[in-house]
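Engineer:
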Amino acid sequence: MAGSMAPLGVKKERAAEYKGHMTFAVAMACIVAAIGGSIFGYDIGISGVNTMDPFLQRFFPVVFQRKNSASLNNYCKYDNQALSAFTSILYLAGQVSTLVAAPVTRNYGRRASIICGGISFLMGAALNAAAVNLTTLILGRVMLGVGIGFGNQAVPLYLSEMAPAHLRGGLNMMFQLATTLGIFSANMINYGTQKIKPWGWRLSLGLVAAPALLMTIGGILLPETPNSLIERGRVEEGRRVLELIRGTADVDAEFTDMAEASELANTITHPFRNILERRNRPQLVMAVCMPAFQTLTGINSILFYAPVLFRSMGFGADWSLYSSMLTGAVLLFSTLISIATVDRLGRRKLLISGGIQMIVCQVIVAAILGVKFGADKQLSRSCSIVVVFVICLFMLAFGWSWGPLGWTVPSEIFPLETRSAGQSITVAVNLFFTFVIAQVFLSLLCAFKFAIFIFFAGWIAVMTAFVYVFLPETKGVPIEEMVMLWSKHWFWKIIMPAMPTMPLENGLGPSDIC
């Protein structure tokens, strides 16, 4: 249609003109940056120290006494708000700090936030390893939370902006792969350190310093993303970095997209206010719903409290740790499946298929526990094996779908001018719901018993329907052209208002493109 217009910012679609390939510079940058994910995962998995007797005796003596009580309801032995706070305060601190990280990431670059996160992790590890009372322990968890807020805000953005468009999904999942590796490592370390009495828990909590040091050094040595450099006025340097990470000097199309996006970004002085405008409504909805839904799968409940959960089901101390190690290994393997398939099958297929499998698994576990397990009886060995197997199937489905894609999709959909703010909202929402679930899960387990799995299955049904109806496929769409995708979606094009525009070449309008 002659005279039709395209949005300001990126003025035309140039994806077909993008050049470049996977380079050593991108590979190294993604590996080092994704270490931030391993720390996030380690901090989730290491919460398993809450079943170690010396740790409970020192900081939570009431829980230690209840744990060994034969008369107390199996579902309620670990229902203690102070113990829950040990896990959940990490995520409350992360929620607050990620909002502080947004202006740092935008004004000083992605590397600055990665370095801040690494330093905070180092401080938290030192405090936890040396903790002599509950106050010191909680303060250490707060510093780890600050590290999570900065790291989770900057690392997914860094990976999205460094990766070539046709490989962005797989490379961005390095964050989730590293997260699952961190969870598995924490489970393995907990299994080993529980045998070192009475100070094994100190080793578990302190070893997070190793990846934190690598993250800090990597943040110092890594190149900044070309998107951030151009946005901050360092255009020629941005072009040089772009040529380096693409392995070619023929980067005119991608560089032009970045320059045009930067022009619009630099007119925005209040990105958090701007993100509330109707033209950013689709991205804002996704930034809130995707991380919220990811948490409401119930995955964090299993990851935080796997040893507690399995012991509540009647597993012995060793078996509970064996089971949590097994589920962590399955999660790691399934993330590799997602990395291999996401840029071929797309985001929607993985999210929907994973959601369906998770619903089935949650219902099966609830049925087994409802029939075979109760307040005063234990699971038989055969039923226990079936429960672990089905939970592994649940972890498998989560690992190829909502686990990595709950981070990947929000990190790739925002225009440059609101990208840092959008990622902060994503992280803040994720950490808020993670905090809530971590704080109330043990109480919910005591109150709902086996129905806790039905509760989460209901939420998974909602989120699967949400993806089917509202999420367009983002596979292969350049990050700076993502805004055009929403204007073509059957629902979001109704929500989005007419925008200030520039003519598209050849007089083609949106109706001609769809």
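Counted the way our numbering counts, the sequence shown spans residues 1 to 514. Even glycine gets a Cβ: it sits at the ideal position worked out from N, Cα and C. Since this is a predicted model, take the numbers as computed values, not measurements.
1. Run the CB neighbour count on ASN107, radius 10 Å, all protein chains shown included, and call it buried at 16 or more, exposed below.
2. Let's see if you can read the secondary structure: which residues bound the alpha helix (DSSP H) around PRO226?
3. Suppose you measure from the CA of GLY118 to the CA of THR216; what does that come to, to the nearest Å?
4. Who are the Cβ neighbours of LYS493 in its own chain at under 6 Å, not counting the five residues just before and after it?
5. Taking Cβ positions, are ALA428 and LEU99 nearer each other than 8 Å?
6. So, using beta-carbon positions, are ALA261 and PRO415 closer together than 8 Å?
7. Assign VAL208 to one of three DSSP states: helix, strand, or coil.
8. Which runs of the alpha helix (DSSP H), 4 residues or longer, sit entirely within the region 245-313?
9. Leaving out the 5 sequence neighbours to the left and right, which residues in its chain are closer than 8 Å to GLY109 when beta-carbon positions are compared?
10. Taking 8 Å as the cut-off, does the region 462-475 touch the region 284-293 (at least 3 CB pairs, one atom from each stretch)?
11. Can you give the Cα-Cα distance for THR23 and VAL132, rounded to whole angstroms?
12. For MET162 and ILE245, which I take to be in contact (beta-carbon distance under 8 Å), what is that distance rounded to the nearest angstrom?
13. Would you check if the distance between the CB atom of ASN190 and the CB atom of GLY48 is smaller than 8 Å?
14. So what's GLN194 in DSSP terms, helix, strand or just coil?
15. Mapping the DSSP letters down to three states, classify ARG348 as helix, strand or coil.
16. So GLY399 packs on GLY182, CB below 8 Å; how close in whole Å?
17. From the DSSP output, in three-state form, read off ASP343 for me.
18. My understanding is that ALA101 touches PHE150, with C-beta atoms under 8 Å, so please give their C-beta distance in whole angstroms.
19. When you compare the CB positions of ARG347 and GLU481, do they come within less than 8 Å of one another, or not?
20. For the alpha helix (DSSP H) containing TRP199, list its first residue and its last residue.
21. Distance check for MET358 and PHE389, CA to CA, integer angstroms please.
22. Could you tell me which of PHE40, ARG281, HIS270 and GLN65 sits nearest to VAL483, measuring between CA atoms?
23. When you compare only the Cα positions, how much space is there between VAL142 and GLY354?
24. Can you tell me whether DSSP reads ILE495 as helix, strand or coil?
Structural biologist: In short:
1. The residue you call residue 107 lines up with position 107 of the sequence shown. Exposed, since its Cβ has fewer than 16 Cβ neighbours within 10 Å.
2. Numbered from 1 along the sequence shown, position 226 holds the residue referred to as residue 226. Note, PRO226: alpha helix (DSSP H), 226-231.
3. Here residue 118 refers to the residue found at position 118 of the sequence shown. Here residue 216 refers to the residue found at position 216 of the sequence shown. Cα to Cα, GLY118 sits roughly 5 Å from THR216.
4. As a first step, residue 493 is located in the sequence shown; it is residue number 493 there, counting from the start. Around LYS493: SER487.
5. In the sequence shown, the residue the question calls residue 428 occupies position 428. In the sequence shown, the residue the question calls residue 99 occupies position 99. Yes, the pair counts as a contact, with Cβ atoms nearer than the cut-off.
6. The sequence position of residue 261 within the sequence shown is 261, counting from 1. The sequence position of residue 415 within the sequence shown is 415, counting from 1. It is a contact, given that the beta carbons lie within the stated cut-off.
7. Here residue 208 is taken as the residue at index 208 of the sequence shown, counted from 1. DSSP places VAL208 in coil when its eight states are reduced to three.
8. 252-265, 271-274, 281-296 and 299-312
9. On the sequence shown, position 109 is the one that residue 109 refers to. The answer, listed in chain order, is GLU224, THR225, SER228, LEU229 and ARG232.
10. yes
11. Looking up residue 23 in the sequence shown gives position 23. Looking up residue 132 in the sequence shown gives position 132. The alpha-carbon atoms of THR23 and VAL132 are separated by roughly 47 Å.
12. Position 162 of the sequence shown, counted from the first residue, corresponds to residue 162. Position 245 of the sequence shown, counted from the first residue, corresponds to residue 245. With a Cβ gap of about 6 Å, MET162 and ILE245 count as contacting.
13. Indexing the sequence shown from 1 puts residue 190 at position 190. Indexing the sequence shown from 1 puts residue 48 at position 48. In contact: ASN190 and GLY48 (Cβ atoms closer than 8 Å).
14. By 1-based counting over the sequence shown, the position of residue 194 is 194. Three-state DSSP puts GLN194 in coil, outside helix and strand.
15. Locating residue 348 in the sequence shown gives position 348, counting from the first residue. The answer is helix: DSSP assigns ARG348 an H, G or I state.
16. The count along the sequence shown starts at 1 and reaches residue 399 at position 399. The count along the sequence shown starts at 1 and reaches residue 182 at position 182. Not quite, the Cβ-Cβ distance comes to about 14 Å (not below 8 Å), so this is no contact.
17. Taking the first residue of the sequence shown as 1, we reach residue 343 at position 343. It is helical.
18. By one-based count along the sequence shown, residue 101 stands at place 101. By one-based count along the sequence shown, residue 150 stands at place 150. Indeed, because the Cβ distance is near 5 Å, the residues count as touching under 8 Å.
19. The residue you call residue 347 lines up with position 347 of the sequence shown. The residue you call residue 481 lines up with position 481 of the sequence shown. Against a cut-off of 8 Å, the Cβ pair of GLU481 and ARG347 comes out as no contact.
20. Taking the sequence shown and counting its residues from 1, the one referred to as residue 199 is at position 199. No alpha helix (DSSP H) contains TRP199, which DSSP labels as neither H nor E.
21. Counted from its first residue, the sequence shown places residue 389 at position 389. Counted from its first residue, the sequence shown places residue 358 at position 358. Roughly 13 Å between the two C-alpha positions.
22. Taking the first residue of the sequence shown as position 1, residue 483 is located at position 483. VAL483 has its Cα closest to that of ARG281, out of PHE40, ARG281, HIS270 and GLN65.
23. Taking the first residue of the sequence shown as 1, we reach residue 142 at position 142. Taking the first residue of the sequence shown as 1, we reach residue 354 at position 354. Straight-line Cα distance between these residues: approximately 33 Å.
24. For the purposes of this step, residue 495 is taken as residue 495 along the sequence shown, with counting starting at 1. Of the three classes helix, strand and coil, the one that applies to ILE495 here is helix, per DSSP.
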